[in-house]
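Residue numbers (full-length UniProt numbering): 1 to 93. We put the beta carbon where it would ideally sit given N, CA and C, even for glycine. These numbers were taken from a predicted model, which means no experiment stands behind them.
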Amino acid sequence: MDDNATTSGGTALAVLVEEAARILGRPPGRLEPGQHLQHDLGFDSVMLLQLKGRLEARFPVLREVSLPDLLLGVHTLGALAGRLERTTGLPVA
């Protein structure tokens, strides 16, 4: 595992779901990779900043990536997990 990938979940998707669920106040089991961050889950700009902060705490390499760059062309949890995998080296699933 990459030094920057200090996680308890083991995959980018697991970490993302865990952190998104905390922000949303929902059980992680209710979040799916195909859910749209804004339309399905209701993420707004403040929540996306919170998510980026939580992810930066777990993956320090993300501090070098702006929020717009992290989210460019990304609309779903699964797509964001793929971006995390490419940026951090942690497997998606």
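Item: Starting from His36, follow its DSSP beta bridges and name the residues at the other end.; Value: Thr76
Item: Spatial neighbours of Arg54 within its chain, please: CB distance less than 8 Å, with the 5 preceding and 5 following residues excluded, ordered by chain position.; Value: Glu19, Arg22, Ile23
Item: Do you know offhand how far Thr88's Cα is from Asp44's?; Value: 24 Å
Item: Give me the Cα-Cα distance between Ala81 and Leu16, rounded to the nearest whole angstrom.; Value: 7 Å
Item: I think Leu41 touches Leu67, with their Cβ atoms under 8 Å apart; what is that distance to the nearest whole Å?; Value: That pair is no contact at about 16 Å.
Item: If you drop the 5 nearest sequence neighbours on each side, which residues of the same chain put their C-beta closer than 7 Å to that of Arg83?; Value: Leu70, Val74
Item: Please return the same chain residues whose Cβ sits closer than 6 Å to the Cβ of Gln52, not counting the five positions on each side in sequence.; Value: Strictly speaking, residue 52 in this sequence is Lys, with Gln absent from that position. So the qualifying residues of the chain are Leu67.
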